[in-house]
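>
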Amino acid sequence: MTEPASLAPPTHRLATVAYAVATAVLVWASLRGVWGTLRFDAVMAAGTAVGIAAGLLALATRRRAASVAVLVGGYVATALALAIPGVPDGADAWMRALRETVLGPVTGWKDVVTLPTPLGEYGATLVPPLALAVLGTYAIVRLGAGSSRRWGLAAVVAAAMLIGAIAVGPASRVPLPWPPVLTRLDPDGLWSAAGIGLMGLATTLAWFRARAAAERRAAVAAAGRAGQARAGRARLRAAGRAATAAALAAVAVVAAVTLAGPVSAGQPREVARTLIEPRLVVDATTSPLAAYRVSFADESFNAELLSVVVESGNPARIRVATLPFYDGRTFSASAPAGYSPLRFRHLPSPLAVSGDVSTARITVAGLGGPWAPVPGLLGSVAFDGPRAAALTDTFYYAAEAGAAVVTADGGIAAGDVIIATAANGPSTPLEQAGASPGRASISTDLIPDSLRDWVDAQDVTRDAAGLAQLVQSLRARGYLSHALGVEGTQGWTAALDGYELVPAAAGHSYDRIDRMFTALNAREDEVGAGADATLVAAVGDDEQFAAAAALVAAELGFPARVVLGFRLQATDADGWTPPPCEGGVCRGGNLSAWVEVQAASGEWIAVDVTPQHTVAPDASTVEQRDPEHPTATDPRRAQDIEAVAALKGRSADDQAMVGGGGAWLSGWARTAAVLAGVLLLLLALPAAILIAKAARRGRRRRGTPAQVAEGGWEEYVDGARDAGQPPAARATRHESALVLATAHGAEIAAIADRATFTSGGVSEDDARRAWTLVEADRVELRSRRPWWRRLGTRLSTRSLLGRSERPSPAPSTGAHR
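So in UniProt numbering the end of the sequence shown lands on 817, straight run, no missing numbers.
(1) For M95, count neighbouring Cβ atoms within 10 angstroms of its own Cβ and tell me buried if that reaches 16, exposed if not.
(2) Excluding the 5 residues flanking A58 on each side, which residues of the same chain have their C-beta closer than 6 Å to its C-beta?
(3) Quick check on R730: buried or exposed, where buried means 16 or more other Cβ atoms within 10 Å of its Cβ?
(4) Taking the alpha-carbon positions, what's the L98 to G123 distance?
(5) Give me the residue from T363, A372 and G703 with the minimum Cα distance to P386.
(6) Return the CA-CA distance between G410 and G368, expressed in angstroms with no decimal places.
(7) Write down every uninterrupted run of the beta strand (DSSP E) in the region 550–618 whose length is 3 residues or greater and which is fully enclosed by it, in chain order.
(8) Report the residue from P617, G108 and E715 whose alpha carbon sits nearest the alpha carbon of R477.
(9) Is V353 helix, strand or coil when you go by DSSP?
(10) How about E555 and A593: do their beta carbons lie closer than 9 Å?
(11) Say whether the region 584–591 touches the region 506–524, bearing in mind that this needs 3 or more beta-carbon pairs closer than 8 Å, one atom from each stretch.
(12) Tell me which same chain residues have a C-beta within less than 6 Å of the C-beta of residue 832, skipping the five on either side of it?
(13) How many Å lie between E780 and L738 at the Cα?
(14) For G120, which residues in the same chain have their Cβ closer than 6 Å to its Cβ, ignoring the five residues on either side in sequence?
(15) Which runs of the alpha helix (DSSP H) spanning at least 4 residues fall entirely within the region 426–503, listed in chain order?
(16) Using only the heavy atoms of the ligand HEM, determine whether one of them is closer than 8 Å to the beta carbon of P426.
(17) Helix, strand or coil: which one does DSSP assign to G540?
(18) Based on Cα-Cα distance, which residue from I318, V106 and P429 lies nearest to V374?
(19) What would DSSP say about V21, mapped onto helix, strand or coil?
(20) Starting from Y397, trace the beta strand (DSSP E) in both directions and tell me its first and last residue.
(21) For the candidate residues Y19, S287 and G711, whose alpha-carbon lies nearest to that of W371?
(22) With contact counted as at least three CB pairs below 8 Å, one residue from each stretch, are the region 449–458 and the region 511–518 in contact?
(23) State the DSSP-derived secondary structure class of W771, mapped to helix, strand or coil.
(24) Here's the rule: buried if 16 or more other CB atoms are within 10 angstroms of the residue's CB, otherwise exposed. What is F757?
(25) Flag this pair as yes or no: are the beta carbons of P437 and P348 separated by less than 9 Å?
(26) To which residues of the same chain is G169 closer than 7 Å at the C-beta, ignoring the five residues directly before and after it?
(27) Are the beta-carbon atoms belonging to L306 and A403 less than 9 Å from one another?
(28) Between the beta-carbon of R279 and the beta-carbon of L351, is there less than 9 Å?
(29) Which residue from V417, S380 and A335 puts its Cα closest to that of A388?
(30) For the beta strand (DSSP E) that contains V381, what are its first and last residues?
(31) With DSSP collapsed to three states, give me the class of T16.
(32) DSSP three-state call for R317: helix, strand or coil?
(33) Between which two residues does the beta strand (DSSP E) harbouring A423 extend?
(34) Helix or strand or just coil, what does DSSP make of F517?
(35) What's the C-alpha gap between S601 and G425?
(36) Which residue wins for smallest C-alpha separation from S759, given the options P727, A720, R733 and P705?
This is the structure in structure tokens:
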């Protein structure tokens, strides 16, 4: 099958090829932080060359099949030779490689946005950027270098390439491969995205300018009207257009430097890889801390949840779930507004770990849900069992929290085997961790006043030693209880020799923690300072005491998080925590919660929080039980309330912002700022078009009367072009006026012709009249269009960009007599 060749002049091709190369370079700069290897560089270079060659061949030949063969063949060859590491060995390997080559451009992006960076040469992850380079540059050359009137669509393709590259780029700011002097000015990569966007804008403007100028020159040369005087004025107009474009680019640069960088500096960078499936799974899961005491019911207390075989090292704990966020109701892994969410990633290659490293084989029995058990801060992981392949594809790890999840249906299941190598974490005692970092990870607005009063009454230093003393006092003045009643408590109460059951409500909301510390304060007010045994008043289990200890740490300025898991060896000198897993078999009764506190050095220190269970509180201080017959509520009359405000006993209007505390925009102010920014972005382009047209109009009205009259004709023609009525090709002014058929077109053409071709020229009055007539005819031209398209006429860029259009038919010879 053949098609007519649509090859544009050489200047068109050269400018478009340069534009395609520049776009590919910007895409490479955006994505290099994702791969960071020479192989990625080679893949991008080869893909760009294949796309450009296929595009030029499509324009130069009459046979479409040849260009398609070059495009497809070059892509497949590059994919097999460069994008997929290693030479396939055997027929099955070749088939897998070909399958990745075909499906990679569609399905490979999932791995790109979920794997931790840098990807290096992992799997077939280089296939998607190869396809982007090949298809993107081919489309730019095919559209932009052709003679079709749709050549401007090449800029749309380039913009889509850049937006896609930024969207799947690194989640953290990575400095661009600037020259060394610029890298020193921007070591944190604050301006990376802005720099790519500005360079993309600059290359697009330059290409539009070169493409439009080449097209204009070709049209003038074909018409044979490139006289010396008009050529001089054309050069002046070209210089004016270049100055206008430079001014617009300068405004964009200033706006990006003064606004984009500072605004984004305090915000987490959100790209495709940060909006992935694990976050959705975690957000939809009930906090495991809220369900903690279910494991101590009689039917669960002795049920096997998992078994651990230590292959090397000496791990002390098995981490199941890490809960760094508190919203006044529960500790969870779902970030509230104002906090950066956990960034879960695949783990295709080992992470660097240090210290005491262990390897353990964990076999799941009764444990379920999305949380995956690991023996510490993970370095590497492998899987065994019937679902090994599914686990490999759905296992994600958040290194900043030491938390792992499985997003397969139902999460982990009986028979799953996780073989993990991990670091045990620091062995530094809390009391030796030094000064407070002064940056709590929990909003101080969520700390009860009763807790603050209790901390103040203990009169301790506000450092790690003081925090350790507070946690120990809290545990010693608390009392362990997993139940509100006697039913279902035989298992765990029998395991505690001589234990006396004291009822305790579940939950760890603001109100529940407030009641604990209110009881502690009341007891201390009653008996005064003394031995811990006389001050026992708070009743609960690891759920309440982990939450309370984390809030105490926040009051002293320490970041803290709650961790659920199991102990493989005793870690508590007092022996108050649930016992370690016996023989590596972890049962419901072994489940525990502890707190991890971040020291100023950055290390997270595990702190046991289980209260004592030998000295029961005085009967007069025991917290009230929940009512056995609670008041029924009518859901039809229920109203939504703000949870944290209600828990704290005040209205939502009084509620302070929950979040970072230092945010410069919040509430209605942030909404107003976002809406204003969106409005400014929407108005920026129309305003730029109107400003450019006004500047052009002012330039044309300056100069000698002859120049002003000729400028009036040019304004008349541009107005017709913007109204969708371009003048006839190779027509004189008079012929063009006849085609446009406005009331004063012929008189405007006559004045401009006198200015150009007569020795007497025109007077200032003639020049002014020409512009008066131009304004009247521009109104007439717009009035010919439907009302909803008149605004589009004012904002049209046809006259600014020199858009090539199908000209109006030239008048017949008879019409010109």
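Idealized CB from N, CA, C, for every residue including glycine.
With the given structure in hand:
(1) M95 sits exposed, since fewer than 16 C-beta atoms from the chains shown fall within 10 Å of its C-beta.
(2) Same-chain partners within the cutoff: S67 and R142.
(3) Residue environment for R730: exposed (fewer than 16 other C-beta atoms within 10 angstroms of its C-beta).
(4) Distance between L98 and G123, taken at the CA atoms: about 13 Å.
(5) Of T363, A372 and G703, the residue nearest in Cα terms is T363.
(6) Between the alpha carbons of G410 and G368 lies a gap of roughly 7 Å.
(7) The region 550–618 contains these whole beta strand (DSSP E) runs: 560–567, 585–587, 592–598 and 604–608.
(8) Closest by C-alpha distance to R477, out of P617, G108 and E715, is P617.
(9) V353 falls in the coil class under three-state DSSP.
(10) No.
(11) By the criterion of at least three beta-carbon pairs nearer than 8 Å, the region 584–591 is not in contact with the region 506–524.
(12) There is no way to answer for residue 832, as the model of the chain reaches only from 1 to 817.
(13) Whole-angstrom Cα-Cα distance: 15 Å.
(14) Taken in chain order, the residues that qualify are T37.
(15) Whole alpha helix (DSSP H) segments, 4+ residues: 449–458, 464–476 and 490–495.
(16) No copy of the ligand HEM appears in this structure; indeed no ligand is present at all.
(17) Note: G540 maps to strand in three-state DSSP.
(18) Between V374 and the set I318, V106 and P429, the nearest pair of CA atoms involves I318.
(19) Secondary structure of V21 (DSSP, three-state): helix.
(20) Membership of Y397 in the beta strand (DSSP E) is indicated by the continuous run F395 to A398.
(21) Measuring from the Cα of W371, the nearest candidate turns out to be S287.
(22) Yes, since at least three Cβ pairs between the region 449–458 and the region 511–518 fall closer than 8 Å, the two stretches touch.
(23) Under the three-state reduction of DSSP output, W771 falls in the helix class.
(24) F757 sits exposed, since fewer than 16 C-beta atoms from the chains shown fall within 10 Å of its C-beta.
(25) P437 is not a Cβ neighbour of P348, given a cutoff of 9 Å.
(26) Contacts found: S30, L31, G33, V34 and V271.
(27) The criterion of a C-beta distance shorter than 9 Å is not satisfied by L306 and A403.
(28) No, they are not a contact pair.
(29) Minimum Cα distance to A388 is reached at V417.
(30) The continuous beta strand (DSSP E) containing V381 extends over residues L377 to D384.
(31) The DSSP-derived three-state label of T16 is helix.
(32) Three-state DSSP puts R317 in a strand.
(33) Element bounds for A423: V417 to A423.
(34) Here F517 sits in helix by DSSP.
(35) Rounded to the nearest whole angstrom, the C-alpha separation of S601 and G425 is 13 Å.
(36) When each option's Cα is compared against that of S759, the closest is P705.
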